[in-house]
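**Student:** Could you have a look at this structure, given as structure tokens, before my questions?
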Amino acid sequence: MKNKKKSGIFIKIAFYGVLSLISLIMIVPFLWMINTSFKDSTKVFLFQLIPDPFKWENYLQVLESTPFHLFYFNSLYIAILVTAGTIFLGSLAGYAFAKLKFKGSSFLFLCLLSTMMIPVEVITIPLFLFMRDLGLINTHVPLIAIPILGPAGVFGVFVMRQFFLLVPKELEEAAKLDGCSYFRIYWNIMLPLAKPAVATLTIFTFLTSWNEFYEPLIYINSKELMTLPLALALFTDEVGTKWELLMSASVMATVPLLIVFFFAQKQFIEGVAMTGGK
Amino acid sequence: MESNVQTAKVLPTKGNKRRKKFIGSEAFYGYLFVSPMVIGFLLVMLFPLVYSIYMSLTDWQLLGDPNFIGTENYQRLVNDPDFWVVLKNTLIFAAGLVPINILIALLLALLLQRSLPGIGFFRTAIFIPVMTSIVVWSIIWKYMFGTEEGFINQILAAIGIDGPAWLYDPDLAMGAVIVVSALKNVGLNMVLFLAALQQVDKNLYEASYLDGANKAKQFWHVTLPMITPTVFLTLILTVIGSMKVFGQIYVMTNGGPGNTTKVLVYYIWENAFKLFDFGYASAIALVLFVIILFFTIIQWSARRRWVFHEE
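Structure below.
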């Protein structure tokens, strides 16, 4: 009896020990980033629990030396447009595939589905030439259109269709008898019902767009058009090893997302589980 | 219904009637609603894919016109020692990343599935890197791996070890990139495993407990078989994801030192957008496509099997 209790405590200690260690490995990089972002340029590699001198001016310097507000704005509005487009077109097509009868619908769905396995990386070169011929290099159009219409958008169609399949037929039938058009059924009945799926997809799409790196790297040349990840990655070369500024910039690029995450954490994790499990 | 009657009066011919009937019908809206995505599929996916097959058979450079050169790019690929190094690196990356990622994620999910105090904090901590952009995550780690006085080497120095030049050492750079990449997405797989674990029927545990199974036996005979579909899904998704690695390589090592961390997507990018050798880059991209296609087909065929099994 006594032995069992003792081993229970040991298990608990081991349990929390392992978890603390792994959590620490996950969090320390961020703490180190925040810590460095306040350091003096001569002391970036010194271990100081509280940087001395404490230079919050680093942030000002980043804002003044780069068009950081533009990076923010670009990332934000692109992510919002991509998310809105994905949700709208994805749910519209998802509704049609789940609920409307038309010839070839399963064939078309299969075609779309098969594109989810084509990595964007594989078709970037023809897409680049295509965009070049349209005069869209160094604009935000490819960064918005390709995610909405490409594999990420198809993923949206898939998630929404799965959800709409679960909606009972009776709801629609009643609306049809009342003389609702199909668009009204979609907009007023189906979409409001799909709130959990829409929420999940919103989080997913927004995050992916906000963090996207490969596409901006290929399509954007001028500084004013850069998104945050691209600006940060190119920042490394430009300012050499001004780590304290790079860290301030990284903090500014990361913290808004983390704040949102802390508030929507539960929903977020459930959302990942929901979309990934299917 | 009403409109149809009206239509019949105004346009008595049969063909017109049918067309009128089609506009506004269920099928009409079906096509209308899926058309943006289908057109997108043609423009953004199918056309580019076919086009890149054509491009891979040309010597297309940025300026200049494409000349059809047959399979020359593919022959060049076979004889390109860099390509084989890059392919090998990609496979090494996957072979290193996938087991670390899946095993840690599964271990964490098993630990975190019970409700003990502080669980929420641990889940959050492990999930935070998933939210972060790979660029930020890689920049921080590049800094932490700093040669002279990077964080890691400072810790090593504290226990009397002279830390190496992590990202500049041909023997260590790939390992460092793998660990950083694995940690980034452990949280994602962990959450998928947590979801799977929650769906395991609790009665099975009770039944096996009554049969005298201990925890380890329960894991092997109840938990693992029940979550195999998720294990398999995350496995394939992680393998496919690891084939597409780019951002961390770009930020942390630029493919170096030497060629030791250069991977397929990096090599495609380099050939296409630095050397503007579009034809050759297209050929490499198609090799990547075939590899990913292979894993996707495995996933689909196996998936059908376990879906059947569940029913």
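So the protein lines, in turn, are chains A and B. The first sequence begins at 50 in our numbering and counts up by one. The second sequence begins at 763 in our numbering and counts up by one. Backbone N, C-alpha and C fix where the C-beta goes; we use that ideal spot for every residue, glycine too.
What number of angstroms, rounded off, separates the C-alpha of residue 838 of chain B from the C-alpha of residue 1048 of chain B?
**Tutor:** To locate residue 838 of chain B, count along the second sequence from 1; it is residue 76. To locate residue 1048 of chain B, count along the second sequence from 1; it is residue 286. Cα to Cα, the separation comes out at about 14 angstroms.
**Student:** Of all the residues that make up the segment 115-130 of chain A, which are near chain B by a beta-carbon distance shorter than 7 angstroms?
**Tutor:** Result list empty, no residue passes.
**Student:** What does residue 830 of chain B pair with, by DSSP beta-bridge criteria?
**Tutor:** Within the second sequence, the letter at position 68 stands for residue 830 of chain B. Looking at the DSSP assignment, residue 830 of chain B forms a beta bridge with B:820.
**Student:** Measure the alpha-carbon distance for residue 784 of chain B versus residue 131 of chain A and round it to whole angstroms.
**Tutor:** For the purposes of this step, residue 784 of chain B is taken as the residue at position 22 of the second sequence. For the purposes of this step, residue 131 of chain A is taken as the residue at position 82 of the first sequence. One C-alpha to the other measures close to 32 angstroms.
**Student:** For the segment 814-828 of chain B, enumerate the residues whose C-beta is nearer than 7 angstroms to any C-beta of chain C, in chain order.
**Tutor:** Absent from the structure: chain C. Protein chains present are A and B.
**Student:** Along chain A, in chain order, which residues have C-beta atoms closer than 7 angstroms to that of residue 891 of chain B?
**Tutor:** Translated into the one-based positions of the second sequence, residue 891 of chain B becomes position 129. Residues of chain A passing the Cβ test: 75.
**Student:** So what does DSSP say about residue 274 of chain A, is it helix, strand or coil?
**Tutor:** The residue you call residue 274 of chain A lines up with position 225 of the first sequence. Looking at residue 274 of chain A - three-state DSSP - the assignment turns out to be helix.
**Student:** Between the C-alpha atoms of residue 1058 of chain B and residue 318 of chain A, what's the straight-line distance to the nearest angstrom?
**Tutor:** For the purposes of this step, residue 1058 of chain B is identified with residue 296 of the second sequence, where counting begins at 1. For the purposes of this step, residue 318 of chain A is identified with residue 269 of the first sequence, where counting begins at 1. Approximately 25 angstroms between the Cα atoms of the pair.
**Student:** Determine the extent of the alpha helix (DSSP H) in which residue 886 of chain B is found, giving its start and end residues.
**Tutor:** By 1-based counting over the second sequence, the position of residue 886 of chain B is 124. Element bounds for residue 886 of chain B: 881-893.
**Student:** Determine, using beta carbons only, whether residue 62 of chain A comes closer than 8 angstroms to chain B.
**Tutor:** Within the first sequence, residue 62 of chain A is the residue found at index 13, counting from 1. Not one chain B Cβ lies under 8 angstroms of residue 62 of chain A.
**Student:** Identify whether residue 182 of chain A lies in helix, strand or coil by the three-state DSSP scheme.
**Tutor:** The residue you call residue 182 of chain A lines up with position 133 of the first sequence. Helix.
**Student:** So, are the CB atoms of residue 128 of chain A and residue 299 of chain A less than 8 angstroms apart?
**Tutor:** One-based indexing of the first sequence puts residue 128 of chain A at position 79. One-based indexing of the first sequence puts residue 299 of chain A at position 250. No. Outside cutoff.
**Student:** Just reading off the alpha helix (DSSP H) that residue 117 of chain A is part of, what are its end residues?
**Tutor:** Position 68 of the first sequence, counting from 1, holds the residue named residue 117 of chain A. Run containing residue 117 of chain A: 117-148, per the alpha helix (DSSP H) assignment.
**Student:** Taking the alpha carbon of residue 862 of chain B as the reference point, which residue from B:949, B:967, B:982, B:1008 has its own alpha carbon closest?
**Tutor:** Taking the first residue of the second sequence as position 1, residue 862 of chain B is located at position 100. The shortest C-alpha separation from residue 862 of chain B is found at B:949.
**Student:** What residue range is occupied by the uninterrupted alpha helix (DSSP H) comprising residue 1021 of chain B?
**Tutor:** Taking the second sequence and counting its residues from 1, one reaches residue 1021 of chain B at position 259. Element bounds for residue 1021 of chain B: n/a, residue is neither H nor E.
**Student:** Residue 211 of chain A lies in the alpha helix (DSSP H); which residues open and close that run?
**Tutor:** Within the first sequence, residue 211 of chain A is the residue found at index 162, counting from 1. Where residue 211 of chain A is concerned, the enclosing alpha helix (DSSP H) stretches over 200-214.
**Student:** Could you tell me the distance, in whole angstroms, from the CA atom of residue 935 of chain B to the CA atom of residue 1021 of chain B?
**Tutor:** For this step, residue 935 of chain B is matched to residue 173 along the second sequence. For this step, residue 1021 of chain B is matched to residue 259 along the second sequence. For residue 935 of chain B and residue 1021 of chain B, the distance between alpha carbons rounds to 11 angstroms.
**Student:** For residue 315 of chain A, does the count of other Cβ atoms within 10 angstroms reach 16, so buried, or fall short, so exposed?
**Tutor:** Start at 1 with the first residue of the first sequence, and residue 315 of chain A comes out as number 266. Classification of residue 315 of chain A: exposed, given that the 10 Å Cβ count is below 16.
**Student:** Could you tell me the distance, in whole angstroms, from the CA atom of residue 150 of chain A to the CA atom of residue 158 of chain A?
**Tutor:** In the first sequence, the residue the question calls residue 150 of chain A occupies position 101. In the first sequence, the residue the question calls residue 158 of chain A occupies position 109. Whole-angstrom Cα-Cα distance: 12 angstroms.
**Student:** Buried or exposed, going by whether 16 or more other CB atoms sit within 10 Å of the CB of residue 880 of chain B?
**Tutor:** Within the second sequence, residue 880 of chain B is the residue found at index 118, counting from 1. Classification of residue 880 of chain B: exposed, given that the 10 Å Cβ count is below 16.
**Student:** Step through the CB atoms of chain A and report whether any lies within less than 8 angstroms of the CB of residue 994 of chain B.
**Tutor:** By 1-based counting over the second sequence, the position of residue 994 of chain B is 232. Chain A contact via Cβ: absent.
**Student:** Return the CA-CA distance between residue 857 of chain B and residue 1015 of chain B, expressed in angstroms with no decimal places.
**Tutor:** Numbered from its first residue, the second sequence carries residue 857 of chain B at position 95. Numbered from its first residue, the second sequence carries residue 1015 of chain B at position 253. Their Cα atoms are separated by approximately 19 angstroms.
**Student:** Go through its chain and collect everything with a Cβ distance to residue 239 of chain A's Cβ below 7 angstroms, but skip five positions before and after it.
**Tutor:** What you label residue 239 of chain A is simply residue 190 of the first sequence in a count that begins at 1. The residues are 144, 213, 216.
**Student:** Which runs of the alpha helix (DSSP H), 4 residues or longer, sit entirely within the segment 52-122 of chain A?
**Tutor:** Counting whole runs of 4 or more residues, the segment 52-122 of chain A contains the alpha helix (DSSP H) stretches 106-114.
**Student:** Taking only beta carbons into account, state which residues of the segment 246-261 of chain A come closer than 9 angstroms to chain B, listed in chain order.
**Tutor:** Per Cβ criterion, the list reads 256, 259, 260, 261.
**Student:** For residue 804 of chain B and residue 208 of chain A, what's the separation of their Cα atoms in angstroms?
**Tutor:** Residue 804 of chain B sits at position 42 when you count from the first residue of the second sequence. Residue 208 of chain A sits at position 159 when you count from the first residue of the first sequence. Their Cα atoms are separated by approximately 20 angstroms.
**Student:** Could you check whether the Cβ of residue 1032 of chain B sits closer than 8 angstroms to any Cβ belonging to chain A?
**Tutor:** If you number the second sequence from 1, residue 1032 of chain B lands on position 270. No, its Cβ sits nowhere closer than 8 angstroms to a Cβ of chain A.
**Student:** Does the distance from the C-beta atom of residue 1007 of chain B to that of residue 1027 of chain B stay below 8 angstroms?
**Tutor:** Here the question's residue 1007 of chain B lines up with position 245 in the second sequence. Here the question's residue 1027 of chain B lines up with position 265 in the second sequence. Taking 8 angstroms as the Cβ cut-off, residue 1007 of chain B and residue 1027 of chain B qualify as a contacting pair.
**Student:** Show which residues of chain A have a CB atom less than 9 angstroms away from the CB atom of residue 1017 of chain B.
**Tutor:** One-based indexing of the second sequence puts residue 1017 of chain B at position 255. What residue 1017 of chain B touches in chain A: nothing, since even the nearest Cβ is about 14 angstroms away.
**Student:** Counting contacts by CB-CB distance shorter than 8 angstroms, is residue 832 of chain B in contact with chain A?
**Tutor:** Residue numbering aside, residue 832 of chain B sits at position 70 when the second sequence is read from its first letter. Not one chain A Cβ lies under 8 angstroms of residue 832 of chain B.
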